[in-house]
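These protein sequence lines are chains X and S, in that order.
For the first sequence, position 46 (counting from the first letter as 1) is numbered 49 according to this note's numbering, and the numbering increases by one without interruption.
For the second sequence, position 201 (counting from the first letter as 1) is numbered 280 according to this note's numbering, and the numbering increases by one without interruption.
All C-beta atoms, glycine included, are put in the ideal place defined by N, C-alpha and C.
From a predicted model like this one, the values you see are computed outputs, not experimental measurements.
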Amino acid sequence: MSKKPAKGEYIETDTGNKVSRKCQIVGSTNIILGGKTIIQAEVIIRGDLIRTLPSSRSASSGAAQSNVAVAIGRYCFFSTGSALRPPGKLFQGQFSHYPLKIGDHVYVGPSSVVEAALIGNHVHIGQGCVIGKFAIIKDFVKILDGTIIPPNMVIPSFSIVGGRPGRVVGEIPEGGHEAFDLRELYKTIKNS
Amino acid sequence: MDHFTPYTYFQCPCTDNSISIRNIGHLESTRADHDDEDERTFDPKAPRANFSLYPLDHLLYCEICHEIRCPRCALDEIVTWYCPNCLFEVPSSTVKSEGNRCTRSCFQCPVCVAPLSVNSEAPAPTGLGAEHAGPAGPFVLSCSFCCWSSAEIGIKFEKPNSIFSQLAKIKNGGDPILSAKQRRLDREERRRDFSDASIPEDAQEVLPLDPNEQLDAEAQFSNLKSFYQSQLADASPASALGFGGEYGYGSPGALTRIMGLYTGGGLADKRSQSKSTPMREACDATEGLQLAKTNADEDLAKLRREGWEGTVSKEQRCEQAHEPHFVSDLRPIAALLRTKRSKRCKSCRHILSKPESKVQNTRFRIRLLAMNYIPTITIKPLQPVLPGQSSLLSPMKPTQFVLTFKNPLYDAVNVSIATPSQTPGRYSSKVTVLCPQFEVGAYIEDAWDDVLREPGEKGGEKERRRTRAETFEGQQQAEAGKVWESGRNWVSVVVEIVPATVGPESGPAFLTEGLEQDNSPMKEDEDILEIPVFVRLEWETDPAHDDGLGAPVSKDKEAKVKRELAYWCVLGVGRIAQV
Ligand SMILES: [Zn+2]
Ligand SMILES: [Zn+2]
Ligand SMILES: [Zn+2]
Ligand SMILES: [Zn+2]
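Structure follows, in C-alpha cells:
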C-alpha cells in the first residue's frame, strides 16, 4: 500500500472491474463484484461488516452460511468519495449487520453514502445523497442530488426521488429507460 | 450557476400555434400589431410555451396517425393499483370501496412524510428462549427520520400488523372511535325509544352517546348520511302507499312523482301532496349536527401553552384529511396508492404504451417511443469549453455550435430546418444555420454495422469526422451549405450565433424597428439563449415496415410510401454573460 502507484490509476480485474488504487476496500473477501464495475478514488466499501447473527435458515444447515457483506452486479459505477456500508440493527437484543445487495447498472454519485438493504437494476443515485439503513430501491429509480432517503424506505420502480427526507417527486417517462445504461460510461474510464 | 447542460425540447404538433401566444403575460400591447407578419414563429420564452415543450424521452409516437404524441394528446388508462411501500397490488374494486390508500400497515410520518415503522415499546425479551419469542406489545408507529412517534398523539397498538384498521378505531389520545356499525345500533335503539315517547327523561340516560359530542368529520358524515336516509324513508310517498322501502320506478309512489314532474304541477296527485310533510333538519350530534364553536378560548389557551411549535405547517396540514391546527391533532398518513398506466392515442385510440400488469415487473408489452421514429437533436459548442473557462456565452461575439441529427429509422431521411434570423423576445440573438438542408442516412443495427465495416477501417465507409486541428480552425472551415460532419445515420451542421447583450442596464441588442423598449427587470432565465427551430422531415418507406405483419409485402420496389413530419423544437444553447 505504501508503494507509489506506478502505472495507471485503475487496477483492472479479469472480469473487467476497474478499481482505483486510491480507494479503500475493507474485507475484500466478503465483497462480490459482478464485473465491468468502476470503483473510483476515495471510495469506501466495508466488506468487514458481515452478518454476525445466524439466520434461522443457516442455523440448521450449519456451515452453509455465506459471508457476503456486499454483493455488486455488473456495470456499476461508484464515484469519488462514495461509501458502501452494510446496514446494521438491533434484533431481539443482538446487534448485527445485514448484507447490502446492489444490482446491475447502478450509478452512485460523488460523496454519497449507501446503507441500503437492496438496490435493484438501473438505479441512478446523485451527488451527496444518503441512502438510509435497510432502504429498498427497486429498478429504474433516479435519486436526485442531495437527497436523504430515510431508513427502511421502499422506493418502487420508475420513481424520481428528491428532498430531505426523500419523497417521490416524479416518474421516469417511458422513453427514459435507456438513459440508465452504464455501458457507455464504463468505456470512458481508461487507464491513461 | 456556471453549469449549463444544452438541451433540446420538442413541441408536440397537437399544440395550436395558430393563436399568437407571444403577448400573453407581456405588459405592452403595441407588440401585437407587429406579431401578425411572423406569428408562426414559436417563442420558447412565451409563458405558455412550457406547457407544450417536452424532452424527447417524454414523447410517444402513434403508428396509425404517423404523429408524435405527448402527455396532452395521449390518454392514460390505469392498469394496476399498488401500494408504493409494501408493493402489494390493490384490486380496483377495493380501491372503489376502501379508497386510494393502503389499508395494511403503510404510513407516512405526519410531521416529515418519511415512512413510519412499527416498533415495540416493550423491552426485548430476555432469558431462556427469548430469541424465539415474538416482540411484545404495545406497539407504536415511529419515524426514523425525525423521531416522531404515535405515542406523542397518544396512540398505541395491540398488534404489530393491520395497523390501518386498528388506527381507524382509536382517536388521538387513545379513546375508541365508535364504528359505523356501533353508531347504527345505537341510532336504532334511539329511534325505538323516541317512538315509545312515554318516558323521554329515561331515554336520555339509556343512550351512551352524548348529543353534544364533538365528532370527527368521518363520524359526522356517517351520522348525517343515516339521518337523511331515515328522513327520506319516512317522507317517501311510497311508504305512505304501503310500499315501504321500495324505491324502484315501478312503485306507485315513484310513478305518481315522475308523472307529476312531467305533467307539471296542475296534474300532480293532490293526495300525495297533502300527505308530504316538510322534512326536519338534524338537531344534535347523533344526527350529525355540529355547532360551530363560537368561542375559541380552548384553542387560544392551547396556542399560548404550546406556542409556535405546537401548530402545524402548511405542508403538514395539506397532507391531513381534516386540516388540523395543532400538532397534537395530526394523524399518521396512510400511504397513497400508485398506479401503472397504459397510454392511448387520443385521436385513434391505438395503444401507445402498455406496461406489464404485475407490480414488480418493469417490462412493457408496448412502448412506441418517439425517439425510435424521429431524429434526436443535440447541440454543443464547436470549440469545447476548456476546464476553468467560463461556459457563459459572450455577448456580441459570433460563436459556432454543432447541431447533430441522429436518425433512428431504417430509411434515410431528408431534413430541412429553419430558424428565425433573430431569436424572439427582448434579448434577441442572431442565428444562422450554415446548412439548413441535408440527408441523414438510415439506421443499421450494430451487428450489421460490423459486417459492413471494412477491416482496418475505423469509422465506417461513410463516416466523415473532423480532426482536432480542423475543429480548432473551425471558424474558417465552416462553409455555408455544407455538412460539417457525418456518419452512417447522423449528420452535424454548424450554427453561428451572435448572442444578444443581456443585462439590467443595457438595451436590447438587436432592437427591431417599431418596438418600444422594455426596461422592466430581467425575468428568471431570460439570459438563457434559446433558439426555436422548425424541423421538417421527409422520407420514403416500405409500408410493411411500420404496419407490421398484417400488411401484404409488396414486391414492387416503387411502391414506397412518402412520409412527412414537421414540428418545432427549442435548443437551449447556453447562458449569456451579463454586462
Ligand atoms: Zn400532443
Ligand atoms: Zn402498503
Ligand atoms: Zn418524521
Ligand atoms: Zn393515433
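Check: Whose C-alpha, out of Lys304(S), Cys162(S) and Leu257(S), is nearest the C-alpha of glutamine 293(S)?
Finding: Leu257(S)
Margin query: Along the stretch 160-187 of chain S, where does the CB come closer than 8 angstroms to a CB of chain X? Name the residues.
Written below: Tyr161, Pro163, Asn164, Cys165 and Leu166
Margin query: Can you confirm whether the stretch 303-315 of chain S touches the stretch 415-422 of chain S when touching is taken to mean that 3 or more C-beta pairs between the two stretches lie within less than 8 angstroms?
Written below: no
Check: Would a C-beta distance cut-off of 7 angstroms place isoleucine 2(X) and glycine 169(X) closer than the cut-off?
Finding: Nothing can be reported for residue 2(X), as the shown portion of chain X is limited to 4 through 195.
Notebook entry, point to check: If we count the other Cβ atoms within 10 Å of its Cβ and call it buried at 16 or more, is glycine 177(X) buried or exposed?
Noted result: The amino acid occupying residue 177(X) in the given sequence is glutamate; glycine does not appear at that position. Result: buried.
Next item on the list: Please write down, chain order preserved, every residue whose beta carbon lies under 5 angstroms from a heavy atom of ligand 3.
Entry: Cys188(S), Val190(S), Cys191(S), Ala193(S), Cys222(S), Phe224(S), Cys225(S) and Trp227(S)
Item checked: Partner residues on chain X for serine 432(S), Cβ-Cβ distance less than 7 angstroms -> Glu177
Next item on the list: Give, in chain order, every residue of the stretch 136-157 of chain X whose Cβ lies closer than 7 angstroms to some Cβ of chain S.
Entry: Asp142, Phe143, Pro153, Pro154, Asn155, Met156 and Val157
Check: So the beta strand (DSSP E) glutamate 15(X) belongs to, where does it begin and stop?
Finding: Annotation for glutamate 15(X): the continuous beta strand (DSSP E) segment containing it runs 13-15.
Notebook entry, point to check: Just checking my contact of phenylalanine 484(S) with tryptophan 569(S) at CB under 8 angstroms: how many whole Å lie between their CB atoms?
Noted result: 6 angstroms
Next item on the list: Since I believe proline 102(X) is in contact with alanine 138(X) (beta carbons under 8 angstroms), could you give me their beta-carbon distance rounded to a whole number of angstroms?
Entry: Not quite, the Cβ-Cβ distance comes to about 14 angstroms (not below 8 angstroms), so this is no contact.
Next item on the list: Closer than 9 angstroms by beta-carbon distance: list the chain S residues that pair up with valine 171(X), in chain order.
Entry: Pro163 and Arg417
Notebook entry, point to check: Residue ranges of each alpha helix (DSSP H) run of no fewer than 4 residues wholly in the stretch 374-438 of chain S, ordered along the chain?
Noted result: 376-385 and 393-398
Check: Just the residues with CB closer than 6 angstroms to a heavy atom of ligand 4, in chain order, which are they?
Finding: Cys141(S), Ile143(S), Cys144(S), Cys424(S), Ser426(S), Cys427(S) and His429(S)
Item checked: Span of the alpha helix (DSSP H), counted from its first residue to its last, around valine 174(S) -> For valine 174(S), the enclosing alpha helix (DSSP H) starts and ends at 171-177.
Next item on the list: Find the nearest neighbour of cysteine 185(S) within the set Glu177(S), Phe443(S), Ser171(S) and Cys165(S), judged by alpha-carbon distance.
Entry: Cys165(S)
Checklist line | isoleucine 576(S) versus leucine 154(S): straight-line alpha-carbon distance, rounded | finding: 40 angstroms
Next item on the list: Under the assumption that valine 164(X) contacts valine 157(X) (Cβ atoms under 8 angstroms), give the Cβ distance between them as a whole number of angstroms.
Entry: Not quite, the Cβ-Cβ distance comes to about 11 angstroms (not below 8 angstroms), so this is no contact.
Note to self: Using a Cβ-Cβ distance cut-off of 7 angstroms, determine whether phenylalanine 69(X) contacts chain S.
What the structure shows: The sequence given here places serine at residue 69(X); phenylalanine does not occur at that position. Cβ-Cβ to chain S under 7 angstroms: no for serine 69(X).
Next item on the list: Any chance you could list the residues with Cβ under 6 angstroms from a heavy atom of ligand 2, keeping chain order?
Entry: Cys162(S), Asn164(S), Cys165(S), Phe167(S), Cys181(S), Arg183(S), Cys185(S) and Ala414(S)
Margin query: Out of Leu482(S), Val406(S) and Pro600(S), which one is the CA nearest neighbour of valine 562(S)?
Written below: Leu482(S)
Next item on the list: Check each candidate in Gly37(X), Gln43(X) and Thr32(X) and name the one with the smallest Cα separation from glutamate 12(X).
Entry: Gln43(X)
Next item on the list: Go through its chain and collect everything with a Cβ distance to proline 45(S)'s Cβ below 8 angstroms, but skip five positions before and after it.
Entry: In the structure as shown, chain S starts at 80 and stops at 658, and residue 45(S) therefore has no counterpart that could be examined.
Item checked: Nearest candidate by alpha-carbon position, reference leucine 2(X), set Arg54(X), Asp148(X) and Asp17(X) -> This structure cannot speak to residue 2(X), because chain X is shown only from 4 to 195.
Notebook entry, point to check: What's the C-alpha gap between valine 144(X) and arginine 642(S)?
Noted result: If I take the Cα positions, the gap works out to 37 angstroms.
Next item on the list: Give a yes or no on whether the C-beta atoms belonging to tyrosine 506(S) and valine 574(S) are separated by under 7 angstroms.
Entry: In this structure, valine 574(S) does not lie closer than 7 angstroms to tyrosine 506(S) by Cβ.
Next item on the list: Helix, strand or coil for serine 470(S), going by three-state DSSP, please let me know.
Entry: coil
Checklist line | Closer than 7 angstroms to chain S by CB, serine 160(X) | finding: Interface residue, yes.
Check: Is any beta-carbon of chain C found at less than 7 angstroms from that of proline 113(X)?
Finding: The chain labelled as chain C is not found among the protein chains of the depicted structure, namely X and S.
Next item on the list: Would you check if the distance between the CB atom of tyrosine 522(S) and the CB atom of proline 487(S) is smaller than 7 angstroms?
Entry: In this structure, the beta-carbon distance from tyrosine 522(S) to proline 487(S) falls below 7 angstroms.
Next item on the list: Could you tell me whether the Cβ of glutamate 12(X) comes closer than 7 angstroms to any Cβ of chain S?
Entry: no
Notebook entry, point to check: Given a threshold of 16 other Cβ atoms within 10 Å of its Cβ, counted over all protein chains shown, does arginine 410(S) qualify as buried or as exposed?
Noted result: With 16 or more other Cβ atoms within 10 Å, it is buried.
Notebook entry, point to check: Hey, how far is the Cα of aspartate 142(X) from the Cα of phenylalanine 130(S)?
Noted result: Distance between the alpha carbons of aspartate 142(X) and phenylalanine 130(S) is about 29 angstroms.
Check: Quick one: what's got a C-beta closer than 6 angstroms to glycine 252(S)'s C-beta in the same chain, skipping five residues either side?
Finding: A distance below 6 angstroms between beta-carbons, with the five flanking residues on each side excluded, links glycine 252(S) to the following residues of its chain, in chain order: Gly233.
Check: Interface residues of chain S around proline 102(X) at Cβ under 8 angstroms?
Finding: Correct list: empty, because the minimum Cβ distance to chain S is about 20 angstroms.
Checklist line | Contacts of proline 168(X) in chain S (Cβ-Cβ under 7 angstroms) | finding: Cys191, Val192, Ala193 and Phe224
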